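Novice: For what it's worth, the working numbering labels the leading residue of the sequence shown as 620, then goes sequentially.
In this text, a Cβ means the ideal position worked out from N, Cα and C, and glycines have one as well.
Since this is a predicted model, take the numbers as computed values, not measurements.
My questions all concern the structure below.
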Amino acid sequence: MERMKYMKISYLTTFLSLLVFFTGCEDDNMDGPVASEAGTISGSIIFSGIWPDSGDVLLTIDIQYPPQGPPSGSRTIESNEPENNIYTYSFEDLPFGNYATITVTYWPSEYSSGGTYTLLGSYPNPLILPIQTYINLSEDSPEMIIDDIEATF
């Protein structure tokens, strides 16, 4: 009798373990494409004027203007990067949502928070407050191209 009870418990434990193993590892979401939650904003900047010998040229994208906090994306543009005065940029893995501005600024004493800078160019242009035109990244529009931003030294 004791042996039969042990066998039933053993069979039941084995059955339940196999059931959990085979059904617990199934993931129905892997059958179709996984929806992205981020997008890309890319485009080109046309530079004109004489590139300065010192300082930083900074490209930023912000969710509000004037910016309040760090930008959603930024990069320093070196003087040797534009080809024929055209710089191609791409901000990838940006969370879906509205972006207010893309700005190109010149920082004569290198970039520092609260430092002095000159706005060279922007999208939208002209940059008039309040911002009326937003760049919207969404599942339906995960990639946006903003070309021909003019930046003048």
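From the DSSP output, in three-state form, read off Gly734 for me.
Specialist: Mapped onto the sequence shown, residue 734 falls at position 115. In this structure, Gly734 counts as coil in the three-state DSSP scheme.
Novice: Rounded to the nearest angstrom, what separates Pro727 and Gly674 at their Cα positions?
Specialist: Residue 727 sits at position 108 when you count from the first residue of the sequence shown. Residue 674 sits at position 55 when you count from the first residue of the sequence shown. About 4 angstroms.
Novice: Say whether the segment 699-708 touches the segment 740-751, bearing in mind that this needs 3 or more beta-carbon pairs closer than 8 angstroms, one atom from each stretch.
Specialist: At 8 angstroms Cβ cutoff, the stretches do not touch.
Novice: What does the Cβ neighbour count give for Ala719, buried or exposed, with the cut at 16 atoms within 10 Å?
Specialist: For the purposes of this step, residue 719 is taken as residue 100 along the sequence shown, with counting starting at 1. Buried: at least 16 other Cβ atoms inside 10 Å.
Novice: For the segment 665-747, list the beta strand (DSSP E) runs that are entirely contained and at least 3 residues long, ordered along the chain.
Specialist: Runs of the beta strand (DSSP E) inside the segment 665-747: 675-681, 692-696, 705-714, 716-718, 720-726, 737-742.
Novice: Cβ atoms of Ser691 and Leu713: under 8 angstroms apart, would you say?
Specialist: Position 94 of the sequence shown, counted from the start, is the residue given in the question as residue 713. Position 72 of the sequence shown, counted from the start, is the residue given in the question as residue 691. In this structure, Ser691 lies closer than 8 angstroms to Leu713 by Cβ.
Novice: Could you please give the first and the last residue of the uninterrupted beta strand (DSSP E) stretch that includes Glu769?
Specialist: Counting from 1 along the sequence shown, the entry for residue 769 is found at position 150. Element bounds for Glu769: 762-771.
Novice: Taking 8 angstroms as the limit between beta carbons, can you name the residues of its chain near Ser663, skipping five residues before and five after?
Specialist: As a first step, residue 663 must be located in the sequence shown, where it is residue number 44. Closer than 8 angstroms at the Cβ level, and outside the excluded window around Ser663, lie Ile705, Tyr706, Thr707, Tyr708, Asp766, Asp767, Ile768.
Novice: In or out: Leu738 buried (at least 16 other Cβ within 10 Å) or exposed?
Specialist: As a position in the sequence shown, residue 738 is number 119, starting the count at 1. With fewer than 16 other Cβ atoms within 10 Å, it is exposed.
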